[in-house]
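Below is one structure, written out as C-alpha cells; the observations come after it.
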Amino acid sequence: MGFEKREQLYEGKAKKVYATGDPEVVIVSYKDDATAFNGLKKGTITGKGAINNRMTNNLMRRLEAAGVPTHYVQELSDRETAVKKVSIVPLEVIIRNISAGSFAKRYGVSEGILFDTPTIEFSYKNDELGDPLINRYHALALKLATAEELDQIQDYAFRVNDLLRGFLKEIGIDLVDFKLEFGKTSDGTIVLADEISPDTCRLWDETTHEKLDKDRFRRDLGGAEEAYEEVMRRLMGDQ
Ligand code: TMP
Ligand code: ASP
C-alpha cells in the first residue's frame, strides 16, 4: 500500500501536511523546528521530527488496539506518516495529573502536586487570540463542536490518559500533563489526531523528576535533544 506524496496543503509550526492520491488520506511530515509561547520563541531540536513521528505512531497504534480511534494509517519513513484526512476540532484538550506549567502559574501553586483526580481543560485553537482557555459552554456557543462530540472527546481524553500513564509508568516516566487534538473524518467520526510526543506532553523521570520534554527548550534548561532521545530509547528499545 503506497501513498504518493502530492502538493503541500498546510505548514504548521512543527509539521507539514501533504495531499496523496487518496482523498481520505494525507501525509504529515514532522520538522525539527521548535516554537514556544505562541511562536515567540523559535529554535531547532535536532532529531525531534523523527522522534516525535515514531513516538506518536507507537503510542497511537497502542491506543487504537485498546479501543481509542485515531487518525493513524501507516508510518512511511522516519519523519513521514500517512493519516486519515480530518477536519480538526479547533480545541486543545489538556489533561493534567500533576500540577505544572500554566496550571501552577494561574492558581499560584507549586509544580509537582499529584492530583486525586485528573483535570481536563479546553483552549480555543486560535493563534491570533493566543489559544484562550474556554469551557464547554463557550465551545458550544462558538459552535466548535456539538454537545455529543464534546462528551465523546472528553471520554476519549480520559481514556487516553489512563492508557498513556500506564505505558509511560512501565518505562519509569510520570505523565504530568499533555495536550490532545481531535479530528472529524468525512463520515463525522471523532478520532484522535495530531501528535503525542515530548512537544505535547510533560514527562518527568519517576525517580529523579528530571524533565524529559519540551520544557527543556521552553525554559532554556539545555539538553533537549538528549531528553527526547532518552524518552525514545526507553519507549522503543532497539526497534
Ligand atoms: P500548559 O501548562 O502550558 O498549559 O501546558 C499543558 C500541556 O499542554 C503541556 O504538556 C504542554 C502542552 N501544550 C501543547 O502541546 N501546546 C501548547 O500550545 C501549549 C500551550 C501546551
Ligand atoms: N508550540 C506552541 C507554540 O509555539 C506552544 C508550546 O508548546 O509551548 O506556541
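Count along the sequence shown starting at 1, add 47, and that's the number in this note's numbering. We put the beta carbon where it would ideally sit given N, CA and C, even for glycine. Just so it is clear, the structure is predicted and the values come from calculations on it, not from any experiment.
Review point. Would D79 pass as a contact of K95 if the rule is Cβ separation under 7 Å?
Key: A contact, by the Cβ cut-off of 7 Å.
Practice item. Compute the Euclidean distance between the alpha carbons of E276 and I98, then round it to the nearest angstrom. Key: Answer to the nearest angstrom: the Cα atoms are 7 Å apart.
Review point. Mind checking whether the beta-carbon of T82 lies closer than 6 Å to any heavy atom of ligand 2?
Key: Checking every heavy atom of ligand 2 against the Cβ of T82, one is found closer than 6 Å.
Exercise for review: Please go through the segment 138-208 and give each complete alpha helix (DSSP H) segment of 4 or more residues, from N-terminal end onward.
Suggested key: 148-154 and 183-188, all fully within the segment 138-208.
**Study point:** Three-state secondary structure (DSSP) of F264
**Key:** In the structure shown, F264 adopts helical secondary structure according to DSSP, grouped into three states.
Exercise for review: Kindly list the residues whose CB is nearer than 7 Å to the CB of I135, restricted to its own chain and excluding five residues on each side of it in sequence; keep chain order.
Suggested key: Same-chain partners within the cutoff: E228, G230 and A240.
Check your understanding: Less than 6 Å between the CB of K60 and some heavy atom of ligand 4, yes or no?
Key -> The model depicted lacks ligand 4 and carries ligand 1 and ligand 2 instead.
Practice item. Can you have a look at L161 and say buried or exposed, based on whether 16 or more other CB atoms are within 10 angstroms of its CB? Key: L161 counts as exposed, since fewer than 16 other beta carbons sit within 10 angstroms of its beta carbon.
Review point. What do you get for N208, buried or exposed, if any count of 16 or more other CB atoms within 10 angstroms of its CB means buried?
Key: Around the beta carbon of N208, a 10 Å sphere encloses 16 or more other beta carbons of the protein chains shown; the residue is thus reported as buried.
Check your understanding: Does the pairing of the segment 114-125 with the segment 166-186 give three or more beta-carbon distances under 8 Å?
Key -> No contact exists between the segment 114-125 and the segment 166-186.
**Study point:** Counterpart residues of S76 in DSSP-defined beta bridges
**Key:** Its beta-bridge partners are K63 and E127.
Review point. Any idea if E195 is buried or exposed, counting beta-carbon neighbours within 10 angstroms, 16 or more meaning buried?
Key: It counts as exposed.
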